[in-house]
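Okay, so the sequence shown: first residue is 358 according to my numbering, each after it adds one. For reference, the structure is listed below as structure tokens.
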Amino acid sequence: MSLNYYFPRIPVWIAPLGRLTNLKINVDPVDEKTWEILGNLPSLMFLFVTSKAAALKERLVVSSSMFICLKEFHFTCWNNGPGMMFEAGAMPRLEKMRVPFNAGSGLNFGIQQLSSLRHLVVEIICSGATVQEVDALEESIRSAADLLPYRPTLEVRTWDEENMAKEESMTEEIHTRG
């Protein structure tokens, strides 16, 4: 099922679709209820979610009871707030994933918990972050992926570099003048 409309919230009529295996959906904003409904679809194998923003105050936790059949997960979000955290046993059959992470929202996302992962694309959102934060996040992601049993292929992309914090250039300017 593919829906080319931005829903203001996840439609409740999706919850009883127990045989749904493939879903492309646009929800704006994404919130905990979105993941609760989607995560409990028992046959869902391929999920593509697009959102302009995530309405999350805390990290979205993906537990071991969610997305039990999911093999491929693509999440596009221009502002995903504090991001996601994968608990032990989360998405046990997931082989391919593309997700965004904000550079300034911490370094531990639980990627090492995704034991079946074979291909990982991470999009680092650089807006407001320093070069050091972006580099630290990329290194943390690479280290976590290296711990996975299948040693997934890893692609790290960056978004919004033009809106990174200008901390380094300001420090350099002060030293040049002083």
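Built from N, CA and C at the ideal position, the CB exists for glycine as well. Since the model is a prediction, treat every value here as computed from it, not as a measurement.
- Message: Output needed for L494: all residues of its chain with C-beta closer than 7 Å, excluding positions within five of it in sequence on either side, in chain order.
- Response: F458, A460, L464, I481
- Task: Per DSSP, which residues does E429 bridge with? Please list them.
- Result: F403, K453
- Query: Out of curiosity, what's the CA-to-CA distance linking E444 and R416?
  - Reply: 12 Å
- Message: Taking a contact to mean a Cβ-Cβ separation below 7 Å, would you say D385 touches Y363 in this structure?
- Response: yes
- Boundaries (first-last residue) of the alpha helix (DSSP H) holding W392: 389-396
- Query: Is it the case that the Cβ atoms of W435 and K414 are separated by a distance below 7 Å?
  - Reply: no
- Cα-Cα separation between M448 and D517, rounded to whole angstroms: 29 Å
- Task: Look at the alpha carbon of R508 and the alpha carbon of I468, and state the distance between them as a whole number of angstroms.
- Result: 12 Å
- Message: As an exercise, report each continuous alpha helix (DSSP H) stretch of at least 4 residues that is fully enclosed by the stretch 444-516, in chain order.
- Response: 488-503
- From the DSSP output, which residues share a beta bridge with Y363? N383
- Among A412, T433, T487, the one whose alpha carbon lies nearest that of I382: T433
- Query: Do the CB positions of G446 and S462 come within less than 7 Å of each other?
  - Reply: no
- Task: State the start and end residues of the unbroken beta strand (DSSP E) segment that holds L377.
- Result: Unbroken run through L377: none, as it is neither H nor E.
- Query: Which value, in whole angstroms, describes the spacing of the CA atoms of N379 and E519?
  - Reply: 35 Å
- Identity of the residue in F424, M454, R514, A522 nearest A486 by Cα: A522
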